[in-house]
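Residues in the sequence shown are numbered consecutively from 14, following my numbering. Note that the Cβ used here is the ideal one computed from N, Cα and C, for glycine as well. Quick caveat: nothing in here was measured; it's all calculated off a predicted structure.
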Amino acid sequence: MELWLVVLASSLALLSFSRAHRGESVCIKANAQSCDECIKVAESCGWCSDEYFLKADERKSARCDDVKSLKTRWCSWAKILNPRGSIVITENTPISNHNEGVQITQIQPQKITLNLRPGEPQTFGVKFKLIQDYPLDVYYLMDQSFSKKADLDNAKNLGTDIISQMHGITSDFRIGLGSFVGKTVMADSSATPASFQNRASYKNILQLTNDGNQFYQLLSQQQISGNLDSPEGGSDAIMQVAVCEEQIGWRNVPRLLVFSTDAGVHFAGDGQLGGVKLPNDGNCHLENNMYAMSHSYDHPSIAQLVQKLRDHNIPTIFAVTEELQPIYKELTNQIPRSAVATLSSNSSNVIKLIMDAYNSLSSEVILENSRLPKGVSLTYKSICKNGVEGTGENGRKCFDISIGDEVTFKISIESRECPSHGQPESIKIKPLGFTDEVEVVLNFICECQCSTQKEPNSNKCDGEGTFMCGVCNCNEGRIGRRCKCSMDEVRREDLDATCRKDNGTDICSNNGDCVCGTCECKKRDNPTESYSGQFCECDNFSCDRSNNKLCGGHGRCECRVCVCEANYTGSACDCFLDTSTCLAKNGQICNSRGTCECGVCKCTDPKFQGPTCEICPTCPGVCAEHKECVQCRAFQAGAKKDTCERDCNYFVLTTVKGVRMLPQPYDQNYPLRHCKERGADDRWFYFTVSIKNDIKEIHVVEMPGTITTFPMRPSPYHREIRTSKASTVELNYIVSSGYLLFLLYTAL
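As structure tokens, this is what we get:
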């Protein structure tokens, strides 16, 4: 018998613990009415689909709880629905060891599918390795309307130098050639319609090739060809070079565009001057290697060029004549990963920029990702050379990388919500400056598997609802756990009685509906706010606030009462219990002159003030303590004259015209100390020291005077006497302890 009582007591204790735990569960508080809603609350939430799980007084939302709590409440493991996210690598080609002349792979894996449950991050690794003899594609785009033959010759020499230099650092180098002139429009009265087709603003002369001799031959054939105005159609040419990947012959390797001219460049809006009004559409329009829409589309905007060069991963070097340097330097400030160099007979500066661009590929790796879907976040962690790790912004970077070095990145992706369209999304991650990339397909887990297993008009729902995931979803007009009640029965008095707390008049505390004798709490517009409790008497949003934050931002609201974090207390969790903020320099709490209340010293001795009751404006010695700093700040004199700015910026200084203008104790509601000190010139100067709102204030008389007595509080008995020096002398006389005292001072 005694053993039975022990078992019963243990069971009751376990049940009590379970109920207490449920009261704190974020899953319970979410008031989820279905399994689909439950799994979106938090990754710890599970749904019990056992149709007999709930007790008589429990609401449907009690099925959504922490998985451990559901097991404690005797929901069998087979009936707990708790879908988990997963990672599936769908393309995983090994990284190449060197340039083998076939498809080069520098990043692994290449494609991953993530199944994301809201609130549950998925983390995967990405490896990157710089291979030996890395390839490079360079497209040389030159102005065919050079104003000087010498500039055209310099441009030809530059093209020749590019080939000779690049062959010295990589054997897998390809180069292409294109030319451009100004946009041809009907404003040219001397031209015929047929001539417009022959004078395209851009021509792709040579597709990217490793045949250097062919490049030399075609480059040498280029001649000067004039156009209508000075700024050229270079922006049209850059756009076509970027977007016409197949015609240009770009490979999936690092790319570089070298743009050579001795003139400015047109942008969007300039074409309208010649009658071209259609905005540039950013698409490829090469026909027979010539830009076919020069006479139809306006020039692209800078923003369009930036986007297309970024999308197609093409850094740009502008090789221009010296007088155009300022114009193109301004342009490079707007186009990322671009540079400008001088086009001259000696093209070494341009070649150096090209070499630097290539070498930078083998010195740093910086990952970037495409735009993230709404509600999705991404974080990086890098494991670089010699095991050096980086997090935050440095988590996507590795520096000082050499050929053959392999680095790893840990990438974590989390979804905080389900997309409204319910369709998969994809993002791309790639090293900046490289074409290798990882495609990440995102599938969102927003439904429980049981949601597809429906029983319409089920007998378990009295034939009046659909049974799904262990609960009944009632047909219109029917309510209750088993859909046994009609809407007409909801307001019957015998059912309402069980929905009133303490036999009160409010049904479900006016926060819910009485459905077949059970309160079903209303839902709030804000999904983070909810009503709860048997009578919907609790909520998680009506607690006290501090600094306009619920529970001061240091606690959670449970049934309208703040449950504070450690080291915080008070109705709004706004009282900080940690006394470290009250520690004085001597290690004592408030210098043993007060008590620490909510992290702030309350000084018991009214003479002391300050954050740790360390300041006493009226104590002896305070005048001498501030003497030197007052001298140096007010009169630029004294021992601290040379270190004044460093040592004496701890108080607010105010100057007054005369001694009578100094603050007086009887006019203040805070401690005040009058001081008289002899200065560096052996004359007396006067000041007051006070603390107001924890700020030290010092008032000082503008010029040091010759007063030999210090004013006390004036009595009603005083006279002003005019002296021969036109100064005012005030005579005060008061009676103190039976003596008549006279005090004489001069108002400076």
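8 Å contact criterion, which C629 and K640 should meet: CB distance rounded:
So it is not a contact: roughly 16 Å between Cβ atoms.
Close Cβ partners of G225 (< 6 Å) along its chain, the five nearest in sequence each way excluded
I176
Taking only the alpha-carbon atoms, compute the straight-line gap between L94 and C61 and give it to the nearest angstrom.
6 Å
Considering only residues of the same chain and omitting the five flanking positions on each side of A693, which have a CB-CB separation below 7 Å?
Q644, A650 and G651
From which residue to which residue does the beta strand (DSSP E) around P432 run?
Premise fails: P432 is in no beta strand (DSSP E) and is neither H nor E.
Between the beta-carbon of E427 and the beta-carbon of P122, is there less than 9 Å?
It is not a contact, given that the beta carbons lie outside the stated cut-off.
Let me check one thing: in DSSP terms, what residues is Y65 bridge-paired to?
Looking at the DSSP assignment, Y65 forms no beta bridge with any residue, so it has no partner.
Determine, using beta carbons only, whether Y152 and I117 come nearer to each other than 9 Å.
Going by C-beta atoms, Y152 is not nearer than 9 Å to I117.
Backbone secondary structure at E259 - three-state DSSP:
helix
Which runs of the beta strand (DSSP E) at least 3 residues long sit entirely within the stretch 310-336? Give them in chain order.
329-333
As a quick exercise: from F272, W87 and A55, pick the residue whose alpha carbon is nearest that of P96.
Minimum Cα-Cα distance from P96 among the listed residues F272, W87 and A55 corresponds to A55.
Any idea if W90 is buried or exposed, counting beta-carbon neighbours within 10 angstroms, 16 or more meaning buried?
exposed
Go through its chain and collect everything with a Cβ distance to R350's Cβ below 6 Å, but skip five positions before and after it.
P328
Does the beta-carbon of H180 have 16 or more other beta-carbons within 10 angstroms, so that it is buried, or is it exposed?
exposed
Boundaries (first-last residue) of the beta strand (DSSP E) holding Y152:
L149 to D156
Going by DSSP in three states, K342 sits in which element: helix, strand or coil?
helix
For T625 and L455, I'd like the C-alpha separation in whole angstroms.
55 Å
Any idea if W263 is buried or exposed, counting beta-carbon neighbours within 10 angstroms, 16 or more meaning buried?
By the neighbour-count definition (other C-beta atoms within 10 Å, threshold 16), W263 is a buried residue.
List the whole-angstrom C-beta distance separating L318 from I251, where the pair is believed to meet the contact cut-off of C-beta under 8 Å.
6 Å
Let's test the definition: count the other Cβ atoms within 10 Å of the Cβ of H731 and tell me whether it reaches 16, buried, or not, exposed.
Model confidence at H731 stands at a pLDDT of 39, short of 50, so the residue's coordinates are unreliable; what they give is reported in the following sentence. So H731 ends up on the exposed side.
I'd like to know whether the C-beta atoms of C482 and C48 end up nearer to each other than 9 Å.
yes
Closer than 7 Å by C-beta to T274: which residues in its own chain qualify, once you throw out the five before and the five after it? Chain order, please.
Taking C-beta separations shorter than 7 Å and ignoring five residues to either side along the sequence, the partners of T274 in its chain run D156, E245, G247 and V333, following chain order.
Within the chosen definition, does the stretch 266-283 reach the stretch 444-453 through at least 3 CB pairs nearer than 8 Å?
A contact exists between the stretch 266-283 and the stretch 444-453.
Going by beta carbon distance, what residues of the same chain come within less than 6 Å of S233, once the five residues before and after it are set aside?
Closer than 6 Å at the Cβ level, and outside the excluded window around S233, lies no residue.
CA-to-CA distance, M716 to G634, given in whole angstroms:
23 Å
Have a look at the DSSP bridge pairing and note the partners of A352.
I330
May I have the straight-line CA-CA distance separating Q773 from N167, to the nearest angstrom?
Nothing about residue 773 can be reported from this structure: the residues present for the chain run from 14 to 761 only.
So, D324 versus A281, is the Cβ gap smaller than 9 Å?
no
Provide the residue span of the beta strand (DSSP E) that contains R215, from first to last.
Residue identity differs from the one stated: residue 215 is Tyr in this sequence, not Arg. Counted as a single uninterrupted DSSP element, the beta strand (DSSP E) harbouring Y215 occupies residues Y215 to T222.
Residue interval of the alpha helix (DSSP H) (run including I41):
V39 to K42
Kindly give me the distance between the Cβ atoms of V453 and F141, rounded to whole angstroms, as I take these residues to be in contact under 8 Å.
Not quite, the Cβ-Cβ distance comes to about 15 Å (not below 8 Å), so this is no contact.
Select from N217, Y147, K169 and Y215 the residue whose C-alpha is nearest the C-alpha of D185.
Relative to the Cα of D185, the nearest Cα in the group N217, Y147, K169 and Y215 belongs to Y147.
Determine the closest residue to D515 out of F228, Q547, V669 and I711, with distance taken between C-alpha atoms.
Q547
Extent of the continuous alpha helix (DSSP H) run through E133
Neither: E133 is in no alpha helix (DSSP H) and is coded neither H nor E.
So which of K92, L127, R86 and W87 has the shortest CA-CA distance to E104?
L127
DSSP-derived helix/strand/coil call for D418
Three-state result, D418: coil.
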